[in-house]
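Here's the structure we're looking at; comments come further down.
Residue numbers (this note's numbering): 1 to 374.
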């Protein structure tokens with residue numbers, strides 16, 4: 001099966017990073033919009049490669065159609081006109097999810113219900129049946145409406161691509177693996193230098209950095225829902241995994257160091273790193289940030305410190321921000337990268353960032369402050 005139009009969904013603000021990832025895999029003619037990157041003319045092997053290799057994308061979707069609709073009748077008719085049976089078998093289990101932003105069709109439950117009914121009617125005509133048992137492979141269909149433009153798609157990933165399979169424990173304030181990978185990729189880290197995270201928690205940033213440096217595909221040790229679909233040859237996915245495994249750098253060494261005040265969290269971080277296959281690259285130390293010191297001359301610091309809304313009060317957050325600023329004077333040859341939702345960070349740090357990126361951690365507006373080495 002070929003000639004799919006695909007959508008790689010992303011966290012708002014990192015679309016350009018995901019685009020670069022897809023281009024590095026050899027794809028061209030990409031279209032970038034808020035929260036997604038689109039490519040056309042893809043086949044099953046392309047779906048397998050994107051799911052296996054993308055570090056910063058949330059999901060890979062098959063785009064079935066895009067059209068304008070300002071009434072439920074238009075939504076139903078145009079959904080019914082799609083050849084759903086070309087992809088979904090007669091026993092397919094169809095689950096419809098939705099979202100609507102600034103559109104006349106603002107009732108998401110109604111839109112979901114109408115799309116499901118239209119798909120059933122369309123498939124009924126194709127298969128010559130009225131009832132569907134829906135006891136076969138799963139097809140999660142998304143109806144996304146933005147300013148009266150409807151995009152209908154089918155999810156090929158299943159659990160989100162941040163589910164790498166190594167993180168049994170995420171800590172009290174988890175950072176998604178996909179977002180952690182994006183921070184690493186934006187940090188300008190040189191693999192020859194150490195990477196340091198003084199608030200490492202369950203180790204996600206450092207683990208993603210090690211996977212990136214070693215060129216270990218993030219989806220190497222997990223499966224995807226589309227592998228169960230008819231017409232999606234399991235051997236294609238097996239071949240893609242085999243190729244990915246062969247491209248990993250197993251004989252190189254990297255130095256990554258994480259610190260945290262919580263010993264229990266660090267035990268989980270070590271367990272996560274072991275599960276990811278990068279425990280030899282990362283050192284974890286229990287240490288209060290107030291006692292932080294290092295003999296490293298040049299390094300890249302990437303961290304997601306506590307910020308008021310989650311773990312600490314404002315005075316404590318401001319104290320930590322000021323201490324991070326002190327590192328700028330103590331370690332002038334370090335690149336310092338801080339991901340935080342605290343609005344007054346630069347004031348407390350004592351310097352305007354070299355680069356300031358607006359990102360989202362879930363629904364929380366955050367910023368990635370980057371201070372380049374002097």
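We put the beta carbon where it would ideally sit given N, CA and C, even for glycine.
Under the three-state reduction of DSSP output, residue 331 falls in the coil class, being neither helix nor strand.
In the structure shown, residue 38 falls within a strand segment according to DSSP collapsed to helix, strand and coil. Nearest Cα to residue 224 within the set 160, 6, 369: 160. Proximity to residue 81 across 122, 268, 113 peaks at 122, based on C-alpha coordinates. The region 255–271 makes contact with the region 284–294, as at least three CB pairs between them are under 8 Å. For residue 120, the uninterrupted alpha helix (DSSP H) segment begins and ends at 108–127. Only residues of its own chain outside the window of five on either side were considered, and among them 300, 302, 337 have a CB closer than 6 Å to the CB of residue 187, listed in chain order. Distance from the CA atom of residue 236 to the CA atom of residue 49, rounded to whole angstroms, is 9 Å. Cβ atoms of residue 37 and residue 22 come within 8 Å of each other, at about 6 Å. Per the coordinates, the alpha-carbon of residue 34 lies some 13 Å from the alpha-carbon of residue 101. In this structure, DSSP gives residue 102 a state outside helix and strand, which the three-state scheme calls coil. By the Cβ-count criterion, residue 356 is exposed, with fewer than 16 other Cβ atoms from all chains shown falling within 10 Å of its own Cβ. Taking 9 Å as the cut-off, the Cβ atoms of residue 268 and residue 168 count as close.
Residue 242 carries a helical assignment under DSSP once its states are collapsed to helix, strand and coil.
Here the region 312–322 makes no contact with the region 352–371; the two share fewer than three CB pairs at distances below 8 Å.
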